[in-house]
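Chains as they are written, first to last, in this note's numbering: chain U, 21 to 131; chain Y, 41 to 160.
Below is one structure, written out as structure tokens; comments come after it.
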Amino acid sequence: DIVLTQSPASLAVSLGQRATISCRASESVDNFGISFMNWFQQKPGQPPKLLIYAASNQGSGVPARFSGSGSGTDFSLNIHPMEEDDTAMYFCQQSKEVPYTFGGGTKLEIK
Amino acid sequence: QVQLKESGPGLVAPSQSLSITCTVSGFSLTGYGVNWVRQPPGKGLEWLGMIWGDGTTDYNSALKSRLSISKDNSKSQVFLKMNTLQTDDTARYYCARVDYYYGSSFFDYWGQGTTLTVSS
Chain U
21 DIVLTQSPAS
31 LAVSLGQRAT
41 ISCRASESVD
51 NFGISFMNWF
61 QQKPGQPPKL
71 LIYAASNQGS
81 GVPARFSGSG
91 SGTDFSLNIH
101 PMEEDDTAMY
111 FCQQSKEVPY
121 TFGGGTKLEI
131 K
Chain Y
41 QVQLKESGPG
51 LVAPSQSLSI
61 TCTVSGFSLT
71 GYGVNWVRQP
81 PGKGLEWLGM
91 IWGDGTTDYN
101 SALKSRLSIS
111 KDNSKSQVFL
121 KMNTLQTDDT
131 ARYYCARVDY
141 YYGSSFFDYW
151 GQGTTLTVSS
């Protein structure tokens, strides 16, 4: 199984500043020139919400302050500028091979 | 608009079986796959399995012997069945639609989930 390791486990960022969350895969999640890496946001009591798919493509209706980058085994989710509404858990997920796996999550708070 | 809604028993005794239904609207099950994902209280997300538009299935190998996913296209329903439940199967269970981008897949719409508690 592909193991996804997220860092940090928790993060506090001031309003207006940049938040960066990393996700490292135990093997490459690239295939046919596409990175099979997705990012989700989850708030308490709600289902996950798709933010980024295929490493760098914004989901429908996702604000432009959310961006994804990376390839191979190393990926990042950036949020800039940080807003109060961005307080949440964030998960990466690979869809290169079954079983699809998720990272352990990063808790993002306001400093 | 696209919607998914899970319904389940809420409480199941240990060693018993579980059946959860995901009822979808706004899209056809013949054109999209549906995944099942669960989340124990206060913990992360675990992918359980999926059923593709053509009816083929993939399962998490760690749970494959206890899982079965099926669907009824005419009723727009997907079914998750799990047997021999244990207390660590207590979780919120979500269904999620799969969409595609140049061969990569992603879960674009999720249900609100249904909570399952395994307890005597």
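We put the CB at the ideal spot given by N, CA and C, even for glycine.
By the Cβ neighbour-count rule, U/Lys131 is exposed, with fewer than 16 other Cβ atoms within 10 Å of its own.
Closer than 8 Å to the CB of Y/Leu85 there is at least one CB belonging to chain U. Spatial neighbours of Y/Leu51 in its own chain (CB-CB distance under 6 Å, excluding positions within 5 residues in sequence) are listed in chain order as Thr157.
Among the residues of the segment 105-125 of chain U, those with a Cβ less than 7 Å away from any Cβ of chain Y are Phe111, Ser115, Val118, Pro119, Tyr120, Thr121, Phe122, Gly124, Gly125, in the order of the chain. In the structure shown, Y/Arg106 falls within a helical segment according to DSSP collapsed to helix, strand and coil. For Y/Asp112, no chain U residue has a C-beta closer than 7 Å to its own C-beta; the minimum C-beta separation is roughly 23 Å.
Collapsing the DSSP output to three states places Y/Asp112 in a strand. Judged by beta-carbon spacing, U/Ser34 lies within the 8 Å limit of U/Met102, meaning their Cβ atoms are closer than that value.
Taking a beta-carbon distance threshold of 8 Å, U/Asn51 counts as an interface residue toward chain Y. Taking the CA atoms as reference points, Y/Pro49 sits about 16 Å from Y/Trp76. Using beta-carbon distances, Y/Asp94 does not count as an interface residue toward chain U, since no partner is under 8 Å. Here Y/Tyr133 really is in contact with Y/Leu120; their C-beta atoms are around 7 Å apart, less than 8 Å.
Distance from the Cα of Y/Phe147 is smallest, within the candidate group Y/Thr154, Y/Thr155, Y/Arg137, for Y/Arg137.
At least one CB atom of chain Y sits nearer than 8 Å to the CB of U/Leu70.
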